[in-house]
Each structure stands twice: as C-alpha cells, then as structure tokens.
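Protein chains in written order, with this note's numbering: chain U, 1 to 111; chain S, 112 to 224.
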C-alpha cells in the first residue's frame, strides 16, 4: 500500500516562476511533514518542515502548506532558480519517529 | 561539525555474497536510519536504531539486518545478495526529541552482478 504519493514524477518550470510540488497521503497518524531535496550522487538534504498543528510554514523562497482534511501537502518555490533543479521528496514522520518518503518529483528549472 | 559518513561509497558484489555497510552519524546524534533507493521507488525505509536498539523496521526480508554500537555508529548487513539488491543505500542521523529533520550521508552504491 502506498501511504505517500507524489503524482507528478517530473515538473518543468521557467526560471523566476513558481514551482508547486504536491504530496498526498492516506493515513492521519503523521506528526511532522518534511521536504527534502536530492541532487544526483548526493544524499537528500532537508529543506523545510511543518508540524501537524500548523497549515503553513515559510522559509525564504520556500513555503510548505498542509491541508489535513484533504491529506495534502505542497511545497511552493518562488521565484524558482536553476539551482533548484533536483529531485524533491516529501517525508512524513510519525510520533514514533518512523519516516515514510514519497517517490519523489524531479524538478527542472529552465533558464 | 562533520556530517554523516558512509563507507564504502561504491561496492560491487556477486550474487550469493554478503555485504556490510557502515555509517558514522553526526556527533551527538543517537538515531540512525537506513534507506534503500532504487530508480522509480524513491526511498524505502529499512530500519532505525536508537541507543543500540532497533526501534522501527520497514518491510524488507530478513536478509537485511543492522546494528548500532555504543558510539552510535551503525552497520547494515545484507546476506545472500540478489541482483535486485543493487541500489543506493542511504544512512541518516537525527536528534530525537528536537527538530524532526534527518541528515543524510552520501550513500553507498551497491551493484550486485
């Protein structure tokens, strides 16, 4: 069973525009929702997180939105830059610190 | 502060052999998790260790095992290797009870031939 889905395997965005990456989940047991970015041949790096008691968290160009009723998480990147081109994983963490990752979305920012 | 270190970076093994991968977490981090990444499958959770105890386990066969030492360093072992075990194996360390994010190593690329 796929508890976490990222339905867009890839996304292309023009430099300077908004990138929106989406993540849907099926279970309500998660306490934290995180986004990681991964470049080829490197491990994922943490970007931004949100706890289950909030609906928005912002850090510079990155904003994460959580809609618990819809079981939907999104990451907005504004403005998008070529260096943002990477694979983005959403990750959901339970109170027991078990983390489930989505399959990832490959973002390409075109100069 | 040194990051998460995984050794070796690359490994080639033949079917049927066994392999041990090593992970040194960030100093002060007591939780270590292991993930398998294959094309199209994302990161699949293998197991998590905290204070030398396995706290969480993913849905992998018993051929995959791990352990954690008193200095928080961790090893994972895969016995009777299969071609499908070829993957990038990632280790992540974190501080339990504080910020939820984990810090990943660069991974070990295992190729089974």
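For glycine and all other residues, C-beta sits at the position ideal for the given N, C-alpha and C. Computed from a predicted structure; not experimentally measured.
Using a Cβ-Cβ cut-off of 8 Å, residue 217 of chain S is close to 41, 42 and 43 of chain U, given in chain order. With respect to residue 6 of chain U, residue 26 of chain U sits apart: the two C-beta atoms are not nearer than 8 Å. The beta carbon of residue 153 of chain S falls within 8 Å of a beta carbon belonging to chain U, placing the residue at that interface. Here residue 21 of chain U carries a strand assignment [DSSP, helix/strand/coil]. Where residue 178 of chain S is concerned, the enclosing beta strand (DSSP E) starts and stops at 175–179. In the same chain as residue 128 of chain S, and ignoring 5 residues on each side of it, the C-beta atoms closer than 7 Å to its own belong to 192, in chain order.
Within the DSSP secondary-structure output, residue 26 of chain U pairs in no beta bridge.
Against residue 193 of chain S, chain U offers no close residue; the least beta-carbon distance is about 22 Å (beta-carbon pairs closer than 7 Å).
Leaving aside the five residues that flank residue 222 of chain S on each side, the residues in its chain whose CB is nearer than 6 Å to its CB run, in chain order, 123 and 197. As a beta-bridge residue in DSSP terms, residue 200 of chain S pairs with S/147 and S/219. Residue contact check for residue 8 of chain U against chain S: no CB pair falls below 8 Å. For residue 34 of chain U, the neighbours in chain S by C-beta distance under 7 Å run, in chain order, 211 and 212.
Ranked by how close their Cα comes to the Cα of residue 178 of chain S, the residues S/150, S/215, S/138 and S/157 have S/157 in first place.
At a cut-off of 8 Å, the C-beta of residue 167 of chain S has a neighbouring C-beta in chain U. Against chain S, a Cβ distance below 8 Å from residue 93 of chain U picks out 211. The CB of residue 96 of chain U comes closer than 8 Å to the CB of 166 and 167 in chain S, given here in chain order. Of all residues in the segment 68–92 of chain U, those with a C-beta nearer than 7 Å to a C-beta of chain S are 89, reading in chain order. Under the DSSP assignment, residue 48 of chain U falls in the beta strand (DSSP E) whose first and last residues are 45–51. Nearest in C-alpha terms to residue 54 of chain U, of all of U/82, U/37 and U/73, is U/73. Here the C-alpha atom of residue 159 of chain S lies approximately 18 Å from the C-alpha atom of residue 102 of chain U.
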